[in-house]
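I have placed the structure first, in the form of structure tokens, so that the comments after it can refer back to it.
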Amino acid sequence: MTSAVLASSIAIAGLERRQHRRRWALLALLLLMLVVALLSIAIGPVTIPPAEVLRVVGDNLGLPVGEIAPQHAAVIESIRLPRTLLGLLVGAALAVAGAAMQGLFRNPLADPGLIGVSAGSALAAVCVIVLGEQGLAFLTSALGPFSLPLAAFIGGLITTLVVYRLASRDGQTSVTTLLLAGIAINALCGAGTGLLTYLADDQQLRNLTFWSMGSLGGASWSQVGSVALLIALPLIALPLLARTFNALLLGEAEAGHLGIAVQRMQRLIVALAALAVGAAVAVSGLIGFVGLVVPHLLRLAMGPDHRFLLPGAALLGGSLLLLADLLARTLVTPAELPIGILTALLGGPFFIALLMRQRGMAV
-19 MTSAVLASSI AIAGLERRQH RRRWALLALL LLMLVVALLS IAIGPVTIPP AEVLRVVGDN
41 LGLPVGEIAP QHAAVIESIR LPRTLLGLLV GAALAVAGAA MQGLFRNPLA DPGLIGVSAG
101 SALAAVCVIV LGEQGLAFLT SALGPFSLPL AAFIGGLITT LVVYRLASRD GQTSVTTLLL
161 AGIAINALCG AGTGLLTYLA DDQQLRNLTF WSMGSLGGAS WSQVGSVALL IALPLIALPL
221 LARTFNALLL GEAEAGHLGI AVQRMQRLIV ALAALAVGAA VAVSGLIGFV GLVVPHLLRL
281 AMGPDHRFLL PGAALLGGSL LLLADLLART LVTPAELPIG ILTALLGGPF FIALLMRQRG
341 MAV
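Taking our numbering, the leading residue of the sequence shown gets -19, the next gets one more, and so forth.
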């Protein structure tokens, strides 16, 4: 009896230490995000000292900060601050949606881009861009700035449901079917996007070409306002479902025995992930691999507990996308690289390494 009690005490102490380390890791990720956000606002064609950035932000919050250079205040308030906030929202949305997809499918290869969610969102968004003044004029006039993110959400939701139905059978999800269905959905949506691109006029074509490679270059306060609520909802709701995600790791049958309404929770997770990806794609275009790389890195560092994984994905996803945006703005100054190119250069080799590791484990 004494040995059993001692073993139980040691196990509980070990669990508390791991949770303590995870809390410190979340705090470190929060500090990293704040530092990267400060650098994102300070660095650019016009370099602004970080202290000046803090004074401008403090002045907007109503704090007594002293004298501020008007030129610096204009650059920060009109250009860099909305771009930074938009980058944080988009990066967090993609990373949390990726973590949710991986938790739902119980596979680290599930990613909004790989299984067609981003392509479906992009197709719906392109429909609004190209047909917004013609066949969909009633939609754009009724919804205003929300028409693009809502259309992208619907497109992402439909493709997610199709892939999920194709890949699931008898409560089990086939990874091979998942990836093949994602390839098929990506091809179909790519064909639709190509057809609409062919029908676009010169100005729409220029916008679509740059948009398809992912960018935060057109960030504005109106864009931030149009997607902030749509992205904030899944960012808040998905971490609240951490217990459901942890239960699903055991399997759908076991989760049901634990009192989880599995089918209802699955539909809710799909809808929230599609909303996050759709809103992100609508304002930033196609930015791949953030939803794949960030959750997997955190899972290696912090374990599979979604109580820490999902908040950590939001923090690290925002930081990673801001770093990619900072490089995109500074590597080829005065030009600007699309963010999607940089994230693909990072995520492509990572995905290949992940596939090789999965293959080695299978052998």
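Ideal Cβ positions, reconstructed from N, Cα and C, are used throughout, including at glycine.
What you are looking at is a predicted structure, and each value in this text was computed from that prediction instead of being measured.
Host alpha helix (DSSP H) of residue i (start-end)
i, result
"ASN40", "30 to 40"
"ASP182", "182 to 191"
"LEU215", "201 to 220"
"VAL312", "Taken as a continuous stretch (DSSP letters only), VAL312 belongs to no alpha helix (DSSP H), as it is neither H nor E."
"ARG244", "242 to 264"
"LEU103", "97 to 111"
Span separating the alpha-carbon of residue i from that of residue j
i, j, result
"LEU111", "GLY174", "14 Å"
"LEU322", "LEU94", "17 Å"
"THR156", "VAL76", "23 Å"
"PHE85", "LEU128", "28 Å"
"ARG35", "GLY292", "28 Å"
"TRP191", "GLY265", "5 Å"
"ASN187", "SER195", "11 Å"
"VAL37", "LEU158", "45 Å"
"ASN166", "VAL143", "11 Å"
"LEU209", "ALA254", "14 Å"
"LEU141", "ALA164", "14 Å"
"LEU277", "ARG60", "28 Å"
"PHE331", "ARG337", "10 Å"
"PRO92", "TRP4", "29 Å"
"GLN184", "GLY231", "46 Å"
"LEU89", "ARG223", "21 Å"
"PHE126", "ASN87", "33 Å"
"PHE288", "PRO275", "11 Å"
"ASP176", "GLY268", "According to the sequence displayed, residue 176 carries Leu and not Asp. The alpha-carbon atoms of LEU176 and GLY268 are separated by roughly 21 Å."
"TYR178", "LEU220", "43 Å"
"HIS237", "LEU65", "42 Å"
"MET13", "PRO29", "18 Å"
"ARG346", "ALA180", "Coverage of the chain is limited to positions -19 through 343, which leaves residue 346 absent and any answer about it impossible."
"ARG145", "MET81", "14 Å"
"VAL204", "ARG149", "40 Å"
"HIS0", "ILE109", "48 Å"
"CYS107", "LEU334", "34 Å"
Cβ neighbours of residue i in the same chain (closer than 6 Å, five flanking residues each side left out)
i, result
"LEU377", "This structure leaves residue 377 out entirely; the chain is present only between -19 and 343."
"LEU228", "ALA235"
"ASP305", "GLY67, LEU196 and ILE319"
"SER101", "ALA132, GLY135, GLY136, VAL257, GLY258 and VAL261"
"PHE225", "GLY83 and HIS286"
"ALA281", "none"
"GLY96", "THR139, VAL143, GLY162, ILE165 and ASN166"
DSSP three-state assignment for residue i, whether helix, strand or coil
i, result
"ARG149", "strand"
"ARG86", "coil"
"GLU232", "helix"
"ASP305", "helix"
"THR27", "coil"
"GLY283", "coil"
"GLY46", "coil"
"LEU168", "helix"
"GLY239", "coil"
"GLY268", "coil"
"GLU316", "coil"
"GLY327", "helix"
"GLY367", "The question about residue 367 has no answer, for the chain in this structure spans -19 to 343."
"GLY93", "coil"
"LEU176", "helix"
Cβ shell of residue i (< 7 Å), same chain only, five flanking positions each side left out
i, result
"GLY197", "GLU316"
"SER200", "PRO62"
"PRO284", "LEU229"
"PRO314", "PRO25"
"VAL33", "LEU18, ILE21, ALA22 and ILE56"
"GLY172", "LEU103"
"LEU303", "VAL16"
Close beta carbons around residue i, own chain, < 8 Å, minus the five adjacent residues each side
i, result
"VAL270", "GLY71, LEU74, ALA75, GLY78, GLY297, LEU300, LEU301, THR323 and GLY327"
"ALA241", "none"
- Message: Can you confirm whether the stretch 277 to 295 touches the stretch 8 to 20 when touching is taken to mean that 3 or more C-beta pairs between the two stretches lie within less than 8 Å?
- Response: yes
- Task: Spell out a yes or no on whether the stretch 238 to 257 and the stretch 38 to 58 are touching, meaning 3 or more CB-CB pairs, one atom from each, closer than 8 Å.
- Result: The answer is no - the stretch 38 to 58 does not touch the stretch 238 to 257, with fewer than three Cβ pairs under 8 Å.
- Query: Do the stretch 136 to 143 and the stretch 65 to 72 touch if we need at least three Cβ pairs shorter than 8 Å?
  - Reply: Result no; under three Cβ-Cβ pairs closer than 8 Å.
- Message: Does the structure place the stretch 22 to 36 close enough to the stretch 301 to 313 that three or more beta carbon pairs sit under 8 Å?
- Response: yes
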